[in-house]
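For reference, the structure is listed below as structure tokens.
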Amino acid sequence: MRPNQVRLNADPRFAGRGVTVAFVDAGFHPHADLLLPTNRVKAYYDASSEKEPLGEQKPEAWNWHGTMTSVIACGSGHLSGGIYSGLARQSEVVLVKVAKNGSIRRRNVALGMKWLLENRERLGLRVINISLGLGQCDRESSRSLVDYWVKKAVDAGVVVVVAAGNEGPDGKTIS
Numbered sequence: 571m572r573p574n575q576v577r578l579n580a581d582p583r584f585a586g587r588g589v590t591v592a593f594v595d596a597g598f599h600p601h602a603d604l605l606l607p608t609n610r611v612k613a614y615y616d617a618s619s620e621k622e623p624l625g626e627q628k629p630e631a632w633n634w635h636g637t638m639t640s641v642i643a644c645g646s647g648h649l650s651g652g653i654y655s656g657l658a659r660q661s662e663v664v665l666v667k668v669a670k671n672g673s674i675r676r677r678n679v680a681l682g683m684k685w686l687l688e689n690r691e692r693l694g695l696r697v698i699n700i701s702l703g704l705g706q707c708d709r710e711s712s713r714s715l716v717d718y719w720v721k722k723a724v725d726a727g728v729v730v731v732v733a734a735g736n737e738g739p740d741g742k743t744i745s
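Heads up: the sequence shown begins at 571 in my numbering, then just goes up one per residue.
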């Protein structure tokens, strides 16, 4: 039994096989449910780095939010013996880190989106998930950069899923 699939009445025949999903988030931990029984992490990109990356990059172990989101959606269920798996448990994933020293900048999100689109065909990218809050963290002009790259992705046929936000006017509201 897979509680996520049962609760959502999801057809078990559709498990993400042949689909690549990118996650743009603060950071990632190399979680067993993405690595076992086979490594489904197709690529990792650090958009927060000031320098051009040299060689292969590896996820860092310090951030939980991107890990949680990617495993809920695409985890194999390896650690739970297959009980707690994501709906897209057979998909491949691309992880894009956008936080530096715990701070998320819209510019880094835009850089991550740009990299994803530049590598879309090579990665076979069909879905981008951006489940992080940006709030009022930096200039409004940076927001238009993110909007620009999201629109470019949609225009290229990529499904983009974006969080509603955590910063509404009152407690327990969204922005």
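Virtual Cβ for every residue (Gly too), placed ideally from N, Cα, C. Just so it is clear, the structure is predicted and the values come from calculations on it, not from any experiment.
Quiz item: Cβ of residue 642 within 8 Å of Cβ of residue 652?
Solution: Here the question's residue 642 lines up with position 72 in the sequence shown. Here the question's residue 652 lines up with position 82 in the sequence shown. Cβ distance not < 8 Å, so residue 642 and residue 652 don't count as in contact.
Quiz item: Exposed or buried, which one is residue 608 when buried takes at least 16 other CB atoms within 10 Å?
Solution: Residue 608 sits at position 38 when you count from the first residue of the sequence shown. That one is exposed.
Exercise. Go to residue 699, then tell me how far its beta strand (DSSP E) extends in each direction, as first and last residue.
Key: Position 129 of the sequence shown holds residue 699. Note, residue 699: beta strand (DSSP E), 695-700.
Practice problem: Please classify residue 581: does DSSP put it in a helix, a strand, or coil? | Solution: The sequence position of residue 581 within the sequence shown is 11, counting from 1. Note: residue 581 maps to coil in three-state DSSP.
Practice problem: For residue 694, collect the residues of the same chain with a Cβ closer than 7 Å to its Cβ; drop the 5 residues on either side in sequence, then sort them by chain order. | Solution: The residue labelled residue 694 in the question sits at position 124 within the sequence shown. Contacts found: 590.
Quiz item: Which residue spans inside the region 599-672 form an unbroken beta strand (DSSP E) run of at least 3?
Solution: 611-616, 662-667
Exercise. Check each candidate in 638, 667, 572 and name the one with the smallest Cα separation from residue 683.
Key: Numbered from 1 along the sequence shown, position 113 holds the residue referred to as residue 683. With distances taken between Cα atoms, residue 683 lies closest to 667.
Quiz item: What three-state label does DSSP hand residue 723 in the structure shown?
Solution: In the sequence shown, counting from the first residue as 1, residue 723 sits at position 153. Note: residue 723 maps to helix in three-state DSSP.
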